[in-house]
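Q: Provided herewith is a single structure, encoded as structure tokens, for subsequent inquiry.
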Amino acid sequence: MTGEWTRLVAVTWLSLRSSLRGWRLAGLSAFALIPTLIVVSVASTHPAASTLSNSAEALFGLLTLPIVTMVIVLVLSVGQFRNEIDNETLLYLSDRSITRPMIVVGKYLGSLAAALVLVIPAALLPLAVASWGGGNGYPAVVPLTVAAAAALAAIAYGGFFLFLGLVSRAALLIGILYGFLWEELVPLLPGSAPRLTLVFYLRNFLSTELTTGPLSGYPAPLTATASILVPIALAAVFVVLGSLAFRYLETAPERESA
Amino acid sequence: MTDGLLRTDSVTKRFDTVEALSNLSVELSPGTIGLVGPNGSGKTTLLRLLLGLLAPTSGSLSVLGRDPQREPLLVREQVGYMPEHDCLMPDLSGVGFVAYMGRVSGLPRETAMSRAHEVLEFVGLKEQRYRKIREYSVGMRQRVKLAQAIVHDPPLCLLDEPTSGLDPEGREEMLGLVAALSRLGGRSFVLSTHLLPDTEGLVDQVLLLNAGKLLAAGPVARLLSSRTPETVIRIRGDVPGFVAALSRKGVETRTQGSELRVVLPSGDTRPIFEVANETGGQVRYLGPSVRTIEDLFLSLAEEAPDQVAP
Amino acid sequence: MSISAPRYGAAPVAKTGRIHRALTIAHREFNRRSGVGTVAVVTLTYLAITLVLTINTSFASLTGTVTLATFETPYSSPAWPFLMLIVATSVGAGGLAEDVGNRSITLYLSRPIRLIDYLAAKSAATGTWLVIAAVGPGLAGLAVVLVLGWAPSSLVLTGAGAFVATGLLACIFFTGLALALSSLTTRALYAGVAIFGVVLSLEIGAPLVSGITGNTSVAYASPINDLLSVAQSAFGISGPYATDPATSAVVLALSGVFFAVFAGWRMSRVEVVGE
Amino acid sequence: MTGIVDADSVTKRYGEVLGLNGFSATFPPGITGLVGPNGAGKSTLFRLLAGQLRCDAGTLTLLGFPAWGQGEFRRRVGYCPEHASLFDWMTGADFVTTLLRVDGFPRAEAQERALRAIETVGLTEARDRRLKAYSKGMRQRIKLAQCIAHDPQLILLDEPLNGVDPVGRAHLSALLRQLSATGHHLIVSSHVLYEVERLTDQIVMIAHGQAIAQGDLHRIRDLIDSRPHMVDLETPDPRGVAKLLGAWDHVVSIEFTGPGKLRVLTRSPEAFYAALPALVVTEKLDVRSVHSADDNLDAVFRYLAGGGR
Numbered sequence: 096m097t098g099e100w101t102r103l104v105a106v107t108w109l110s111l112r113s114s115l116r117g118w119r120l121a122g123l124s125a126f127a128l129i130p131t132l133i134v135v136s137v138a139s140t141h142p143a144a145s146t147l148s149n150s151a152e153a154l155f156g157l158l159t160l161p162i163v164t165m166v167i168v169l170v171l172s173v174g175q176f177r178n179e180i181d182n183e184t185l186l187y188l189s190d191r192s193i194t195r196p197m198i199v200v201g202k203y204l205g206s207l208a209a210a211l212v213l214v215i216p217a218a219l220l221p222l223a224v225a226s227w228g229g230g231n232g233y234p235a236v237v238p239l240t241v242a243a244a245a246a247l248a249a250i251a252y253g254g255f256f257l258f259l260g261l262v263s264r265a266a267l268l269i270g271i272l273y274g275f276l277w278e279e280l281v282p283l284l285p286g287s288a289p290r291l292t293l294v295f296y297l298r299n300f301l302s303t304e305l306t307t308g309p310l311s312g313y314p315a316p317l318t319a320t321a322s323i324l325v326p327i328a329l330a331a332v333f334v335v336l337g338s339l340a341f342r343y344l345e346t347a348p349e350r351e352s353a
Numbered sequence: 055m056t057d058g059l060l061r062t063d064s065v066t067k068r069f070d071t072v073e074a075l076s077n078l079s080v081e082l083s084p085g086t087i088g089l090v091g092p093n094g095s096g097k098t099t100l101l102r103l104l105l106g107l108l109a110p111t112s113g114s115l116s117v118l119g120r121d122p123q124r125e126p127l128l129v130r131e132q133v134g135y136m137p138e139h140d141c142l143m144p145d146l147s148g149v150g151f152v153a154y155m156g157r158v159s160g161l162p163r164e165t166a167m168s169r170a171h172e173v174l175e176f177v178g179l180k181e182q183r184y185r186k187i188r189e190y191s192v193g194m195r196q197r198v199k200l201a202q203a204i205v206h207d208p209p210l211c212l213l214d215e216p217t218s219g220l221d222p223e224g225r226e227e228m229l230g231l232v233a234a235l236s237r238l239g240g241r242s243f244v245l246s247t248h249l250l251p252d253t254e255g256l257v258d259q260v261l262l263l264n265a266g267k268l269l270a271a272g273p274v275a276r277l278l279s280s281r282t283p284e285t286v287i288r289i290r291g292d293v294p295g296f297v298a299a300l301s302r303k304g305v306e307t308r309t310q311g312s313e314l315r316v317v318l319p320s321g322d323t324r325p326i327f328e329v330a331n332e333t334g335g336q337v338r339y340l341g342p343s344v345r346t347i348e349d350l351f352l353s354l355a356e357e358a359p360d361q362v363a364p
Numbered sequence: 041m042s043i044s045a046p047r048y049g050a051a052p053v054a055k056t057g058r059i060h061r062a063l064t065i066a067h068r069e070f071n072r073r074s075g076v077g078t079v080a081v082v083t084l085t086y087l088a089i090t091l092v093l094t095i096n097t098s099f100a101s102l103t104g105t106v107t108l109a110t111f112e113t114p115y116s117s118p119a120w121p122f123l124m125l126i127v128a129t130s131v132g133a134g135g136l137a138e139d140v141g142n143r144s145i146t147l148y149l150s151r152p153i154r155l156i157d158y159l160a161a162k163s164a165a166t167g168t169w170l171v172i173a174a175v176g177p178g179l180a181g182l183a184v185v186l187v188l189g190w191a192p193s194s195l196v197l198t199g200a201g202a203f204v205a206t207g208l209l210a211c212i213f214f215t216g217l218a219l220a221l222s223s224l225t226t227r228a229l230y231a232g233v234a235i236f237g238v239v240l241s242l243e244i245g246a247p248l249v250s251g252i253t254g255n256t257s258v259a260y261a262s263p264i265n266d267l268l269s270v271a272q273s274a275f276g277i278s279g280p281y282a283t284d285p286a287t288s289a290v291v292l293a294l295s296g297v298f299f300a301v302f303a304g305w306r307m308s309r310v311e312v313v314g315e
Numbered sequence: 023m024t025g026i027v028d029a030d031s032v033t034k035r036y037g038e039v040l041g042l043n044g045f046s047a048t049f050p051p052g053i054t055g056l057v058g059p060n061g062a063g064k065s066t067l068f069r070l071l072a073g074q075l076r077c078d079a080g081t082l083t084l085l086g087f088p089a090w091g092q093g094e095f096r097r098r099v100g101y102c103p104e105h106a107s108l109f110d111w112m113t114g115a116d117f118v119t120t121l122l123r124v125d126g127f128p129r130a131e132a133q134e135r136a137l138r139a140i141e142t143v144g145l146t147e148a149r150d151r152r153l154k155a156y157s158k159g160m161r162q163r164i165k166l167a168q169c170i171a172h173d174p175q176l177i178l179l180d181e182p183l184n185g186v187d188p189v190g191r192a193h194l195s196a197l198l199r200q201l202s203a204t205g206h207h208l209i210v211s212s213h214v215l216y217e218v219e220r221l222t223d224q225i226v227m228i229a230h231g232q233a234i235a236q237g238d239l240h241r242i243r244d245l246i247d248s249r250p251h252m253v254d255l256e257t258p259d260p261r262g263v264a265k266l267l268g269a270w271d272h273v274v275s276i277e278f279t280g281p282g283k284l285r286v287l288t289r290s291p292e293a294f295y296a297a298l299p300a301l302v303v304t305e306k307l308d309v310r311s312v313h314s315a316d317d318n319l320d321a322v323f324r325y326l327a328g329g330g331r
């Protein structure tokens with residue numbers, strides 16, 4: 096069993112390190128900093144304290160969650176399998192004594208850790224800047240909820256995108272369409288259609304935890320527990336599906352000779 | 055022909071801390087030139103310098119009398135380049151791709167198209183020329199790469215590892231194509247390879263590189279002459295017994311792969327058959343050793359890595 | 041295998057010039073982008089913009105209130121920025137990334153052209169598609185309006201001028217942006233994600249900052265805001281946009297050029313590697 | 023009889039393209055050379071053995087385990103793929119250590135084994151450099167290091183000599199022989215016959231997805247000798263030699279191909295070569311050279327592969 100643990104840690108660490116390096120790390124970090132930069136530029140003009148703290152909080156719902164987190168998780172998760180299948184490096188893992196579900200779980204945890212490294216600061220730094228830069232302080236529940244929502248988003252989107260990258264060549268394209276069209280436009284529909292998006296549950300979670308402030312106004316028909324469980328359950332389902340799919344997946348390119 | 059084809063004047067190329075080429079000075083005349091050396095010896099760097107894709111850290115070059123740094127376009131109009139790695143456009147057909155590369159090299163549309171057909175027929179892709187390149191095998195891709203390098207009829211072709219990844223048949227065919235082109239005359243080739251046998255019988259000049267340094271350069275004939283003639287033997291049967299018996303006759307053997315090499319006094323082969331008869335061995339091959347570029351390279355690389363041969 | 045050497049025609053041919061070679065590259069790049077996806081997206085753009093334009097003009101013509109501002113309606117729709125982003129991604133994201141990815145960039149660089157020719161050709165191809173998508177639908181809608189006689193020809197002509205001006209500006213900006221992001225990766229779709237991410241972040245962030253701080257110059261940072269501001273001014277509307285349209289136009293054009301220069305700088309470093 | 027690897031009518035298709043077509047062979051202990059041209063199905067067989075692909079039909083086992091499957095037995099197998107892609111951003115030592123950890127080795131042991139494997143392949147100096155900066159030959163060697171670091175019983179090497187220069191090739195061959203001497207079983211593929219010939223006597227020949235010959239080199243040599251040979255001789259007295267050779271009943275024809283040259287067609291090469299030295303010695307002939315284009319593996323390979331078409 097210690098062997099299994101070593102294997103899982105090795106794959107997780109490998110995928111974490113391969114996720115956060117080079118130009119991609121630079122690009123994604125720059126991206127993660129956008130909300131903070133926006134708050135810094137707002138703060139530099141010394142607006143009213145409440146304006147500053149409200150705008151920093153609102154920014155999470157407007158930009159950090161739907162766009163910054165989406166882009167970061169998309170780029171980190173979709174490539175986990177797809178790039179390695181295309182580059183023919185996946186076999187260095189899949190020809191070893193580690194089981195395939197373990198590879199899927201390791202890669203999921205690794206990419207999740209990488210996403211959290213970028214997403215949590217992207218969520219919290221704007222709040223910190225707003226507090227220090229002249230805004231009202233936040234009650235502890237605000238940063239906690241915002242960080243939890245960002246983590247929840249990383250957990251849920253990460254599972255889905257990892258699965259996509261495993262089973263589809265067009266994963267990134269599907270991911271773009273899902274992330275920027277489906278998740279943006281379906282919540283605008285009336286009735287229970289918005290429940291078909293993940294962002295619905297994330298917003299529900301924000302609004303059940305926060306009773307005041309700009310993030311408290313989303314529709315919240317579900318309890319906080321339900322809005323946490325649905326994304327996590329979804330991620331678990333996709334990781335399990337991915338593990339099953341990977342057991343039957345041929346990981347060599349579809350030709351005889353390179 | 056007194057006109058130099060290529061000339062490098064103490065050319066050094068450094069990448070960060072790695073010196074890919076050190077103080078290289080050669081002068082080569084038109085013909086077929088083998089650029090030979092192990093991987094990482096600076097062959098690709100030299101080819102890129104000749105194309106003007108890289109600038110030398112110090113020193114100067116001239117290709118067909120022009121400086122590729124100062125007049126890169128004029129040089130590249132006269133030069134065809136076949137890169138080592140895969141670089142094709144998978145969405146085009148063979149003929150579409152070659153014609154396209156011809157047009158980018160300055161051929162008018164009609165000329166480019168008819169030449170694309172001609173060169174593809176020449177490289178043996180007549181049947182497959184309308185198929186998409188993504189469906190091509192390794193050998194076919196290699197041929198398309200050759201075709202695009204010669205489509206604009208350049209007087210000089212730089213071929214970077216043209217036999218890379220090919221099986222023996224494919225290699226023979228590729229080298230046969232280069233031989234056929236060079237026999238036509240009027241066109242020079244620089245053929246880089248780490249497989250020394252590739253150059254045998256094909257090139258008239260060689261440039262041997264090792265770790266960025268020049269080992270030797272010049273006409274093959276001159277470099278290969280000047281060694282005691284050896285005889286090569288291949289024996290089926292009791293080889294150690296054969297060697298021992300031959301040694302008792304005062305003939306020492308050197309084993310190279312499955313072959314034995316001996317120096318026979320005055321070329322008399324009789325001892326070989328006598329020993330074979332005694333030991334029950336079969337003489338499957340017997341003949342004078344042709345000193346190969348491979349021998350030359352190995353001996354030069356062992357002898358003095360730093361010394362520049364005459 | 042039979043070997044018959046190529047004959048290379050009879051006489052040596054006159055070589056074409058660099059412009060012709062660059063045009064060949066541009067032509068190929070343009071064709072390469074004419075896949076099902078691009079055609080579908082561009083068709084969608086035509087349908088959406090032309091329909092919105094003609095339907096709105098037809099209503100306005102019933103009440104006899106067709107003005108220059110009537111033609112601006114497609115730009116007021118939130119679908120327009122998305123359409124431009126999708127078009128820019130599908131025609132521009134792969135431009136440089138794919139050539140670096142399959143290493144055919146080596147072949148281009150070994151030919152008698154300069155890097156600038158190659159980049160100009162790529163920009164021209166991407167730009168042409170963007171012009172088709174950004175300028176074409178407006179002009180098509182206006183043609184319908186003109187044929188059906190819903191508006192006087194002088195008004196239609198002014199409207200056409202406005203579409204051309206804003207469309208060209210959008211084209212310059214998105215071409216530059218797509219090339220720059222394309223030069224950073226070997227996969228077209230990563231560039232696509234980046235195009236979406238950058239433009240949408242700026243679109244959300246810049247108005248927010250400028251709204252709160254009252255500093256209108258921050259609003260120039262959002263390209264979509266700039267484009268809409270220019271469009272409104274071109275169509276004679278003094279709209280809600282706080283930015284000065286002339287400055288917006290300059291910002292868009294300059295950032296487009298800056299991005300293109302950045303792409304050139306990146307590409308000039310791509311091949312400089314050892315063996 | 024079971025070998026290290028047993029293949030029974032293994033078929034693998036890529037869409038419409040056949041990778042393997044009823045491939046049956048038994049790989050015995052020791053070094054076995056898998057020889058065939060590009061596209062013959064060598065890489066397909068390796069990918070099946072490495073558990074990267076699944077057979078469409080037939081059974082394939084290695085060390086008694088079905089090839090499609092994971093589990094502890096994979097620790098007893100090492101695979102060195104043909105293509106050169108690696109985790110380019112890692113250092114050599116990091117690469118090998120990480121893969122050992124994926125195989126369940128504790129950190130200290132993984133590091134120690136990695137260093138040993140890297141030393142074995144002669145990359146100790148370059149171990150802390152990034153793989154990105156490795157040359158083709160170095161990449162080939164680090165791939166080998168990750169393949170042997172966990173001390174597997176069975177080592178699968180797909181074209182390990184491809185892209186390696188002559189000096190490196192000699193070192194690598196020595197290393198492979200040493201691995202075999204220390205009890206490892208190796209399957210080494212190559213499209214260059216003489217490379218494999220220097221390494222082992224056990225050969226499996228593959229063409230068009232089928233095993234067309236297998237066994238030791240002598241058996242394959244017998245195959246060579248089972249066909250007529252054209253033998254070129256050089257001697258100052260071609261007519262005299264021709265007269266003597268013409269008396270042998272397996273000599274079909276003799277041709278004078280030039281001054282001092284003759285070409286003999288024999289139905290039984292074995293008998294011809296066996297009798298030639300005695301003839302030369304007893305008749306005091308002066309034979310300067312003996313050469314036959316039919317007497318090598320390439321020739322038999324072309325013959326066999328051509329027959330399978």
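Protein chains in written order, with my numbering: chain A, 96 to 353; chain B, 55 to 364; chain C, 41 to 315; chain D, 23 to 331. Glycine included, every Cβ here is placed at the ideal spot set by N, Cα and C. This one's a predicted model, so the numbers in the text were calculated from it and none came from an experiment.
1. Any Cβ of chain D within less than 8 Å of the Cβ of residue 203 of chain A?
2. Tell me which residue opens and which closes the beta strand (DSSP E) that residue 259 of chain B is part of.
3. What residues of chain D sit near residue 339 of chain B, judged by a beta carbon separation below 8 Å?
4. With 9 Å as the limit, tell me which residues of the region 131 to 150 of chain C have their beta carbon closer than that to any beta carbon of chain A; keep them in chain order.
5. Go through its chain and collect everything with a Cβ distance to residue 176 of chain A's Cβ below 6 Å, but skip five positions before and after it.
6. Taking the alpha-carbon of residue 149 of chain A as reference, which of A/275, A/222, A/121 has the nearest alpha-carbon?
7. Taking Cβ-Cβ distances shorter than 7 Å, what residues in chain A pair up with residue 316 of chain C?
8. Mark residue 308 of chain B as exposed unless 16 or more other C-beta atoms lie within 10 angstroms of its C-beta, in which case mark it buried.
9. According to DSSP, is residue 283 of chain D helix, strand or coil?
10. What in chain D is Cβ-close to residue 220 of chain B, meaning under 9 Å?
11. Excluding sequence positions up to five away, which residues of its chain have a Cβ less than 8 Å from the Cβ of residue 257 of chain A?
12. Rounded to a whole number of angstroms, what is the C-alpha to C-alpha distance between residue 235 of chain D and residue 328 of chain B?
13. Do residue 322 of chain A and residue 303 of chain A have their beta-carbon atoms positioned less than 8 Å apart in this structure?
14. I'd like to know whether the C-beta atoms of residue 168 of chain B and residue 131 of chain B end up nearer to each other than 8 Å.
15. Using only alpha-carbon positions, find the residue among C/100, C/139, C/153, C/85 that is nearest to residue 129 of chain B.
16. Can you give me the Cβ contacts of residue 87 of chain C inside the same chain, cut-off strictly under 6 Å, excluding the 5 residues immediately before and after it?
17. On the three-state DSSP scale, how would you describe residue 193 of chain D?
18. Could you work out which residues of chain B lie near residue 299 of chain D, taking near to mean beta carbons separated by less than 7 Å?
A: In short, the structure shows the following:
1. No, residue 203 of chain A lies away from the interface with chain D (no Cβ there is under 8 Å from its Cβ).
2. Where residue 259 of chain B is concerned, the enclosing beta strand (DSSP E) stretches over 259 to 264.
3. Result: 312, 313, 314, 317.
4. Residues passing the 9 Å Cβ filter: none.
5. Closer than 6 Å at Cβ, skipping near neighbours: 260, 261.
6. If we check each option's Cα against that of residue 149 of chain A, A/222 comes out closest.
7. For chain C, the structure presents residues 41 to 315; residue 316 of chain C sits outside this window and is missing.
8. Around the beta carbon of residue 308 of chain B, fewer than 16 other beta carbons sit within 10 angstroms, so the residue counts as exposed.
9. The answer is strand: DSSP assigns residue 283 of chain D an E or B state.
10. Close partners of residue 220 of chain B in chain D (Cβ separation under 9 Å): 60, 213.
11. Within the same chain, and ignoring the five residues on either side of residue 257 of chain A in sequence, the residues whose Cβ sits closer than 8 Å to its Cβ are 172, 173, 175, 176, 199, 202, 203, 206, 333, 334, 337.
12. Take the alpha-carbon of residue 235 of chain D and the one of residue 328 of chain B: they are about 35 Å apart.
13. Yes, these two residues count as a Cβ contact at 8 Å.
14. Going by C-beta atoms, residue 168 of chain B is not nearer than 8 Å to residue 131 of chain B.
15. For residue 129 of chain B, the nearest C-alpha among the options comes from C/153.
16. The answer is none, since no qualifying residue turns up.
17. In this structure, residue 193 of chain D counts as helix in the three-state DSSP scheme.
18. Result: 327, 330, 331, 337.
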